[in-house]
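S.K.: My questions will all concern the structure given below.
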Amino acid sequence: MNKQLTKDYSPYLTFNRSEWSALSRRSTIPLEDLDLQSLQGVNDRLSLSEVTEVYLPISQLLNLYYLNAKNMHKDSNHFLQMETKKVPYIIGIAGSVAVGKSTTARMIQYLISEWPEQPKVDLVTTDGFLYPNEILESKGLMKKKGFPESYDISKLFKFLSELKSGQSVVQAPVYSHLTYNIVRDEMQTLTEPDIVIVEGINVLQPPKNVRGKDKPFISDFFDFSIYIDAEEANVEKWYKERFQLLRSTAFKNPKSYFNKFAKMSEGEALAIADRIWKETNHTNLKKNILPTKNRADLIIEKGEGHSVTEVKVRKL
Numbered sequence: 040m041n042k043q044l045t046k047d048y049s050p051y052l053t054f055n056r057s058e059w060s061a062l063s064r065r066s067t068i069p070l071e072d073l074d075l076q077s078l079q080g081v082n083d084r085l086s087l088s089e090v091t092e093v094y095l096p097i098s099q100l101l102n103l104y105y106l107n108a109k110n111m112h113k114d115s116n117h118f119l120q121m122e123t124k125k126v127p128y129i130i131g132i133a134g135s136v137a138v139g140k141s142t143t144a145r146m147i148q149y150l151i152s153e154w155p156e157q158p159k160v161d162l163v164t165t166d167g168f169l170y171p172n173e174i175l176e177s178k179g180l181m182k183k184k185g186f187p188e189s190y191d192i193s194k195l196f197k198f199l200s201e202l203k204s205g206q207s208v209v210q211a212p213v214y215s216h217l218t219y220n221i222v223r224d225e226m227q228t229l230t231e232p233d234i235v236i237v238e239g240i241n242v243l244q245p246p247k248n249v250r251g252k253d254k255p256f257i258s259d260f261f262d263f264s265i266y267i268d269a270e271e272a273n274v275e276k277w278y279k280e281r282f283q284l285l286r287s288t289a290f291k292n293p294k295s296y297f298n299k300f301a302k303m304s305e306g307e308a309l310a311i312a313d314r315i316w317k318e319t320n321h322t323n324l325k326k327n328i329l330p331t332k333n334r335a336d337l338i339i340e341k342g343e344g345h346s347v348t349e350v351k352v353r354k355l
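Going by my numbering, the sequence shown opens with residue 40, and the numbers climb by one from there.
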């Protein structure tokens with residue numbers, strides 16, 4: 040099969056960066072004074088050109104989908120002769136560790152909040168739905184933290200179900216990257232959000248069949264989903280660079296779970312980072328995360344230096 044036929048049979052429309060940038064419409068969103076430093080994650084790189092050429096058009100596309108959902112709700116109410124409450128529009132963001140999910144999620148949150156409709160948008164990470172470390176240790180799952188089995192899926196389903204049922208106030212557990220654990224007695228409260236962004240490595244993961252019973256997908260609750268992709272070698276490089284950067288910053292905090300790594304020699308630390316990548320993150324990427332890529336509505340392809348090279352949009 041030749042390249043053109045392969046492209047024609049793809050469920051996605053593919054745009055290189057310049058093609059994608061050319062789709063951007065005139066925007067009133069203020070970007071001149073945008074604090075990029077506050078939005079980008081550790082070792083991630085976010086430039087104003089990246090925002091205007093990549094994320095602004097993504098935001099504009101999301102706005103079309105969101106307004107279409109609002110209109111559909113209005114038309115449905117008219118047809119059914121009912122007045123039902125509009126439930127939150129949920130956007131899922133998935134991808135490997137160190138690929139830049141948090142930066143993308145925060146950037147999209149900012150752009151959505153600046154839409155003319157000024158929707159109320161909340162960002163929730165699935166880290167809060169990990170089992171506490173003591174439970175992971177009892178289950179022998181500490182080395183598989185981030186794998187599907189390390190999450191309290193029933194709690195995550197409950198949270199998403201409450202959102203989609205139109206419950207006015209919904210709470211999500213909070214995770215601390217400092218202590219590498221769930222924060223006890225602290226919750227993130229969402230009060231009547233218009234849009235919720237749910238970011239996590241396995242949010243597009245299919246459920247495991249339990250005793251012959253099919254369970255719903257987490258993504259069944261999503262109205263739109265995004266997957267952030269990059270060559271495996273780049274992701275490994277970014278993970279190790281981030282690990283080294285954290286050794287000289289966050290890991291130096293005596294309260295940090297990873298404080299011991301800050302005291303190691305560079306050689307010892309690199310060996311640890313390599314082992315964690317191979318035993319945990321690489322395995323999780325190949326087995327659980329990457330296979331979910333083609334379930335996304337939009338795929339962001341990154342190249343060297345976290346620069347976006349391509350955007351794929353699922354055909355309608």
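Glycine included, C-beta positions come from ideal geometry on N, C-alpha and C.
Straight-line CA distance for K184 to L87?
M.R.: Each residue's alpha carbon lies about 34 Å from the other.
S.K.: Using a 10 Å radius around the Cβ and a threshold of 16 neighbouring Cβ atoms, would you call H345 buried or exposed?
M.R.: With 16 or more Cβ atoms within 10 Å of its Cβ, H345 is classed as buried.
S.K.: Who pairs with L180 in a beta bridge, going by DSSP?
M.R.: Note: L180 sits in no beta bridge, so no partner.
S.K.: Within the continuous beta strand (DSSP E) that includes K109, where are the two ends?
M.R.: Here K109 belongs to no beta strand (DSSP E); instead the alpha helix (DSSP H) covers L95 to L119.
S.K.: For Y48, count the other beta carbons within 10 Å of its own beta carbon; 16 or more makes it buried, fewer makes it exposed. Which is it?
M.R.: When all chains shown are included, Y48 counts as exposed.
S.K.: Would you grab the beta carbon distance between K125 and K109 for me? Rounded to a whole angstrom, and I think it's under 8 Å.
M.R.: With a Cβ gap of about 7 Å, K125 and K109 count as contacting.
S.K.: What span of residues does the alpha helix (DSSP H) with Q210 cover, start to end?
M.R.: No alpha helix (DSSP H) contains Q210, which is instead part of the beta strand (DSSP E) from V208 to S215.
S.K.: When the distance is taken between beta carbons, is G131 closer than 7 Å to F256?
M.R.: No, they are not a contact pair.
S.K.: Identify the continuous beta strand (DSSP E) that holds L78 and give its terminal residues.
M.R.: It is not in any beta strand (DSSP E) - L78 instead sits in the alpha helix (DSSP H) that spans L75 to L78.
S.K.: Out of E343, L217 and Y170, point me to the one whose CA is closest to L195's CA.
M.R.: If we check each option's Cα against that of L195, Y170 comes out closest.
S.K.: Cutting at 6 Å between CB atoms, please list the residues of its own chain near Q99, excluding the five before and the five after it.
M.R.: The residues are R64.
S.K.: From the DSSP output, which residues share a beta bridge with N220?
M.R.: DSSP output for N220 lists S215 as bridge partner(s).
S.K.: Run through DSSP, which three-state label would D336 get?
M.R.: Coil at D336, not helix or strand.
S.K.: Which residues in the same chain have their Cβ closer than 8 Å to the Cβ of H321, if we skip the five residues on either side of it in sequence?
M.R.: Excluding sequence neighbours, H321 sits near E271 and E275.
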